[in-house]
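Worksheet: the structure to be examined is printed underneath.
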Amino acid sequence: MVFHSDSYWGISIIDSPYFILSSNYFCLSAWRGAYVVSKENLGMNPGLIAGGSLLVDYILTVAVSVSAGTDALTSAFPSLHAHNVIIAIIFVICITILNLRGVTESASVLAYPVYLFVLALFILIGVGIYNILTGHVSQALHTPIGTPVAGISLFLLLRAFASGSSALTGVEAISNAIPNFKDPAPNNAAKTLLAMGALLAVLFSGIVFLSYYYGISPSKEVTVVSQIAEQTFGRNFMYYFIRYNGFNINSCC
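By the count of numbering that gives the first Met the number 0, the sequence shown reaches residue 252 at its end, each step adding exactly one.
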């Protein structure tokens, strides 16, 4: 099976989560999660489906996040690649211990990796676009849109679903944490939800654009962001700063 890539797919991927987030903007006053919102607006069966889906999503979120954090670490230090599974297990144990200490305490600790990660990606995207505009990156480096990609299989679709599950649980985390927001809590939570959607769109767009322009190819041993960072900065402090924050947010959040 051959799939022809199209820029409209990228736009759809960016827009779809934002529309979903916007549609949840007015549902946050319930102070509860997807189960209650779906049950009250759509009925019992959709509510059960939403609740059951979240059970799967939370499990996949841990698996995807820990795997991504491990890949970020081994991309910067290739000698650790053979120990991926052991490193991932250690991260899961550490996350479990941290969360057992309480949601409020763990949330205060995990806020800083998020800020640093967003800052690191904005720096990467900004410098990358600057290098392109100033001619530091050859235009012949990128591949043309429409290049056929073979091998779209059920496994690849399931992998995409697993990766997307982390975004769904991010939405659920905000709706569940509404009592922790300052008053008016529903309005502040809704603004946070829309801000998260905007960040997702901007960061995803920037990474996709740079990976396309740089001609980045997926690799089992080196992540796409790691390849972009290496081509943008080389193996210097900024490269390891970006890799550290990628490892930190995926392993801890």
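Built from N, CA and C at the ideal position, the CB exists for glycine as well.
Just so we're clear, the structure is a prediction, and the values are computed from it rather than from any experiment.
> Do residue 71 and residue 204 have their C-beta atoms within less than 8 angstroms of each other?
Replying inline: no
> What are the boundary residues of the alpha helix (DSSP H) that residue 203 is part of?
Replying inline: 184–213
> Distance, Cα to Cα, residue 65 vs residue 119?
Replying inline: 19 angstroms
> Between which two residues does the alpha helix (DSSP H) harbouring residue 83 extend?
Replying inline: 83–99
> Of the choices 206, 98, 67, whose alpha-carbon is the least far from that of residue 128?
Replying inline: 206
>> Could you tell me the alpha carbon to alpha carbon distance between residue 92 and residue 136, rounded to whole angstroms?
In response: 42 angstroms
> Taking the continuous alpha helix (DSSP H) assigned at residue 44, which residues delimit it?
Replying inline: 43–75
>> Nearest by alpha-carbon distance to residue 76: which of 110, 190, 222 is it?
In response: 222
> In whole angstroms, what separates the C-alpha of residue 176 from that of residue 202?
Replying inline: 24 angstroms
> If we ignore side chains and look at the alpha-carbon of each, how far apart do residue 181 and residue 188 end up?
Replying inline: 9 angstroms
> Helix or strand or just coil, what does DSSP make of residue 234?
Replying inline: coil
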